[in-house]
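To start, the structure under review is shown below, and the notes come after it.
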Amino acid sequence: MKTTTGKLKNVLTAIKALRMKPLDFILVMCLMLASFTPFLLLGGKQGISHQAQLRVNSQVVKNFDLTKNQTYTYQDADGEINKIEVRDGRIAIVYANCGDQVCVRKGFINQTGQTIVCLPHKLVIEVMHSGNDDDNGSRIIDY
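As structure tokens, then:
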């Protein structure tokens, strides 16, 4: 019993040291709790997906079904090459003739919203949400 009242006195002393009124403390605590709301609301849409989309210069080039193992080579008129592999429900760029190789080092992805970006080739692979819910795929992202 003594330790509980001792801890309460320590909290009250800390509040007084900050020159906060008790309602200020309650307001700060409510704001701190509210700051986690986006994680709770948006976190439910993440998960393992079964679709991915390849875009070059913001134009959709190909849609991938992540349930089917496949290899796809993208080559544009300038000779830029990206070899894309779909394996075991995941997708990755396994070869690119760009200088920095960031896209290759990213490795395999499979969760909704994850992306692989090859900036020199202006290429983006994004794992898309494959479920049927309210948003109907209306999310707009421009790269």
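156 is the number of the first residue of the sequence shown in my numbering; add one for each residue after it. Built from N, CA and C at the ideal position, the CB exists for glycine as well. A quick note: this is a predicted structure, and the numbers were derived from the prediction, not measured.
{"query": "Contact the segment 254 to 265 vs the segment 173 to 186: 3+ CB pairs below 8 Å", "result": "no"}
{"query": "CA-to-CA distance, T222 to V211, given in whole angstroms", "result": "23 Å"}
{"query": "C-beta atoms of G268 and V249 nearer than 8 Å", "result": "no"}
{"query": "Whether N218 touches Q230 by CB criterion (8 Å)", "result": "no"}
{"query": "CB of P275 within 8 Å of CB of G254, strictly", "result": "yes"}
{"query": "Pairwise C-alpha distance: L186 and I236", "result": "49 Å"}
{"query": "Alpha carbon of A172 to alpha carbon of K162, nearest angstrom", "result": "15 Å"}
{"query": "S204 beta carbon near the ligand FMN (any heavy atom closer than 7 Å)", "result": "No copy of the ligand FMN occurs in the structure displayed, which carries no ligand at all."}
{"query": "Backbone CA spacing between T168 and R174 [nearest angstrom]", "result": "10 Å"}
{"query": "Contiguous beta strand (DSSP E) assignments of at least 3 residues, all confined to the segment 239 to 269", "result": "245 to 251"}
{"query": "Closest residue to G234 among Q225, N252, P193 (Cα-Cα distance)", "result": "N252"}
{"query": "For N165, the three-state DSSP class (helix, strand or coil)", "result": "helix"}
{"query": "Length of the line joining the Cα atoms of I280 and Q208", "result": "6 Å"}
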